[in-house]
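Q: So that we are looking at the same thing, I have put the structure below in structure tokens.
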Amino acid sequence: MPDLSIEIAGIKLRNPVLLASGTAGYGEDIARYCDLNRVGAIITKGIALKPTPGNPPPRICETPAGMLNAIGLPNVGVDTFIKENIPFLKKFDTRVIVNIFGATVDEYGEVAGSFTGVEGVHGLEVNISCPNIKEGGIAFGTDLEATRRVVRTVRRSTTLPVIIKLSPNVTDIIPFAMVCKDEGADAISMINTLLGMSIDTETWKPRLANITGGLSGPAIKPVAVRMVWQVYNAVDIPIIGMGGITTTGDAVEFFLAGTSAVAVGTANFLNPNVSIEIIDGLGRYLEERGIDSIRGLIGAVKI
Ligand SMILES: Cc1cc2nc3c(=O)[nH]c(=O)nc-3n(C[C@H](O)[C@H](O)[C@H](O)COP(=O)(O)O)c2cc1C
């Protein structure tokens, strides 16, 4: 069998297929349908310092080839998560990457620091697509200097592997990836959702209570593949790719563009076992072509 194992950000993964943040919760629900022992890693739903309820409903709506969400990052807070949710995840022989966020740069640092040394946590994925409360509410991840400050602060606050999750809502993503590397991030993941809006033509109201939301699913895949390819060719940092991955072929496209691992998001809502099907599919894809390792695909697109 071809070798699907990969090391990224110093985290050894048995295969390069991860569950994307926010689409697998803290593992409890999806574990009923998907064998977590088989996935490369689970990236948990975002965690902040304190519990937050998230946005009022409606929080999601369907769009052509995708969905919009404005869930608003509801979470149980660091302390409850460590006490009540990590023990469940520790039952599985898989890697756990905790997705974190904050309302201020200092909060990012505090959340990151509180996971240092916590048994069962193998790395942090830092969601920088949240509003910077102290500086006008602009998302950290669309402002280069705010991104720099978050990456620097998180890097100084923890010895855990740090993966920065880039926002696609920028004109040029390359400088953002460069800042991550300069400030000591171990890897980047990309992309988060694209800002979108949908209006009901009967009521003339936005379909989301929050008015705007994040677009995900197959509709965003070409944007994600393009951004991965740009970053792979410009910045020497490992990439976890995501955005609309639904089939083995989708995952292969991301590897060819330059990712070292992939994460499956929205597709879990249609088929919570799809990541396992993609893992098996990748093995077959390599075998049929006589390629002995997944590493043989990374960045191999023929231009
Ligand atoms: C309902 C929902 C909740 C999400 N929650 C988070 C989150 O808490 N933190 C985060 O960094 N990304 C979050 N994301 C973004 C996904 O992890 C992923 O980057 C994005 O949806 C693109 O992948 P996909 O098209 O395969 O879903 C969420 C996405 C969805 C659809």
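Residue numbers (our numbering): 912 to 1214.
Each residue gets a CB set at the ideal place from its N, CA and C atoms; glycine is no exception.
1) Measuring only from the beta carbon, is T1159 closer than 7 Å to any heavy atom that is part of ligand 1?
2) To the nearest angstrom, how far is the alpha carbon of I919 from that of L1106?
3) Taking only three categories from DSSP, how would you classify G1024?
4) Which residues mark the beginning and the end of the alpha helix (DSSP H) in which E1229 is found?
5) Among A1014, L947, P1133, whose alpha-carbon lies nearest the alpha-carbon of L1000?
6) Are the CB atoms of D914 and D1203 within a distance shorter than 8 Å?
7) Could you name the residues of the same chain whose beta carbon sits closer than 8 Å to that of T1015, not counting the 5 residues immediately before and after it, in chain order?
8) Pick from P1117, V1146, D1191: whose alpha carbon is nearest that of R970?
9) Between the alpha carbons of V1081 and W1140, how many angstroms are there, rounded?
10) CB-CB under 8 Å to G1207, same chain, minus the five flanking residues each way: which ones, in chain order?
11) By alpha-carbon positions, which one of S1127, S1109, S1078 ends up nearest to L1055?
12) Thinking C-alpha only, which one of V1212, T1027, R1066 is nearest L1167?
A: Answer, in terms of the structure:
1) Here the question's residue 1159 lines up with position 248 in the sequence shown. No.
2) Within the sequence shown, residue 919 is the residue found at index 8, counting from 1. Within the sequence shown, residue 1106 is the residue found at index 195, counting from 1. When the Cα atoms are used, I919 and L1106 turn out to be separated by approximately 28 Å.
3) Here residue 1024 corresponds to residue number 113 of the sequence shown, with the count starting at 1. In this structure, G1024 counts as helix in the three-state DSSP scheme.
4) The structure shown does not extend to residue 1229, since the chain spans only 912 to 1214, so no value can be given for it.
5) Taking the first residue of the sequence shown as 1, we reach residue 1000 at position 89. Here the closest residue by C-alpha is L947.
6) Translated into the one-based positions of the sequence shown, residue 1203 becomes position 292. Translated into the one-based positions of the sequence shown, residue 914 becomes position 3. It is a contact, given that the beta carbons lie within the stated cut-off.
7) Reading the sequence shown from its first residue, position 104 is the one you call residue 1015. So the list reads N1043, I1044, K1045, once near-sequence residues are dropped.
8) What you label residue 970 is simply residue 59 of the sequence shown in a count that begins at 1. Of the candidates P1117, V1146, D1191, the one whose C-alpha sits nearest the C-alpha of R970 is P1117.
9) Locating residue 1081 in the sequence shown gives position 170, where the first residue counts as 1. Locating residue 1140 in the sequence shown gives position 229, where the first residue counts as 1. The alpha-carbon separation between V1081 and W1140 amounts to approximately 16 Å.
10) Counting from one through the sequence shown, the residue named residue 1207 turns up at place 296. Excluding residues within five positions, the ones whose Cβ falls inside 8 Å are L1197.
11) The count along the sequence shown starts at 1 and reaches residue 1055 at position 144. For the options S1127, S1109, S1078, the alpha carbon positioned closest to that of L1055 is the one of S1078.
12) Here residue 1167 refers to the residue found at position 256 when the sequence shown is read from its first residue. Distance from the Cα of L1167 is smallest, within the candidate group V1212, T1027, R1066, for V1212.
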